[in-house]
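Our numbering applies: residue 1253 is where the sequence shown begins, and numbers increase by one. Here a beta-carbon is modelled for each residue, glycine too, at the ideal position from N, C-alpha and C.
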Amino acid sequence: MFVGNSNSTATNRTVTESEQNSRFREWYENHRGIIVKISKSFTNTIQDQQDLIQEISVQLWKSVPSFRDKCKESTWIYRVALNTAIAWSRKEKRQKNKERNFADDAFIFSQQENPENKRLDWLFEQLRKLDVVDRSLLLLHLEGQSYSEIAGILGTTEKNVGVKLSRLRKKLSQTATRDGI
């Protein structure tokens, strides 16, 4: 389903702990938004979101020595974050058993009620209802990833990405119309 870590033997250079820490900090500072968006789309509460961000961060740090510059850093981070989020949601089995905690969401978005926030909340709610593959696909698309990059991250073809995205757009459009969004 997902492309695993690239344990290529092309480079057998050992990464020092200092290099690992430095690269991780750089990745985290430059791409924290990816981690937050993925964690938000896979969790229902602030506590779960914080737990998943921490788990993704640990896995990302552990993955630094495996990174071989064969893809963009952001692609690697998406791959690690999505695989971690999927494993976390399966392990926790919280996804389908918990009601969305609107008090927690209000804390995150302690901004004024406005139509843009409502649409964003609605979108994250719809993302959480999708199966993990469709959720990952749509999230990557919304982040501006190309069909080629999405296919590489998810281990599928560009054509399959296009077909699934077309179906997801149609489904979301119908749901948005029904919900008055």
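Is it right to say residue i is buried, meaning 16 or more other beta carbons lie within 10 angstroms of its own, or is it exposed?
i: Lys1292; result: buried
i: Leu1372; result: exposed
i: Arg1438; result: Residue 1438 lies beyond the stretch modelled for the chain, which goes from 1253 to 1433, so this question has no answer here.
i: Ala1262; result: The pLDDT assigned to Ala1262 is 41, lower than 50, so where the model puts this residue is not dependable, and the model offers no usable value.
i: Ser1400; result: exposed
i: Asn1282; result: exposed
i: Ala1403; result: buried
Looking at the secondary structure, which residues open and close the alpha helix (DSSP H) in which residue i lies?
i: Ser1341; result: Glu1325 to Glu1344
i: Ser1293; result: Glu1269 to Phe1294
i: Ser1309; result: Ile1298 to Ser1315
i: Arg1430; result: Glu1410 to Asp1431
i: Glu1401; result: Tyr1399 to Leu1406
i: Lys1387; result: It should be pointed out that residue 1387 corresponds to Arg in this sequence rather than to Lys. Start and end: Val1384 to Leu1394.
For residue i, I'd like the list of residues in its chain whose CB is within less than 7 Å of its CB, leaving aside the five on either flank, ordered along the chain.
i: Phe1376; result: Lys1292 and Ser1293
i: Leu1424; result: Gln1378
i: Gln1431; result: The sequence given here has Asp at residue 1431, not Gln. Closer than 7 Å at Cβ, skipping near neighbours: Trp1374.
i: Ser1326; result: His1283 and Ile1286
With a threshold of 8 Å on Cβ separation, who are the neighbours of residue i within its own chain once the five nearest residues in sequence on each side are excluded?
i: Thr1266; result: Pro1317
If you run the structure through DSSP and keep just helix, strand and coil, what is residue i?
i: Phe1376; result: helix
i: Thr1266; result: coil
i: Lys1322; result: coil
For residue i, which residues in the same chain have their Cβ closer than 6 Å to its Cβ, ignoring the five residues on either side in sequence?
i: Gln1272; result: Val1316
Say whether the region 1385-1399 touches the region 1301-1315, bearing in mind that this needs 3 or more beta-carbon pairs closer than 8 Å, one atom from each stretch. Verdict: no, contact absent.
For the structure I just gave you, are there three or more beta carbon pairs, one from the region 1325-1344 and one from the region 1413-1420, closer than 8 Å? Too few Cβ pairs lie closer than 8 Å, so no.
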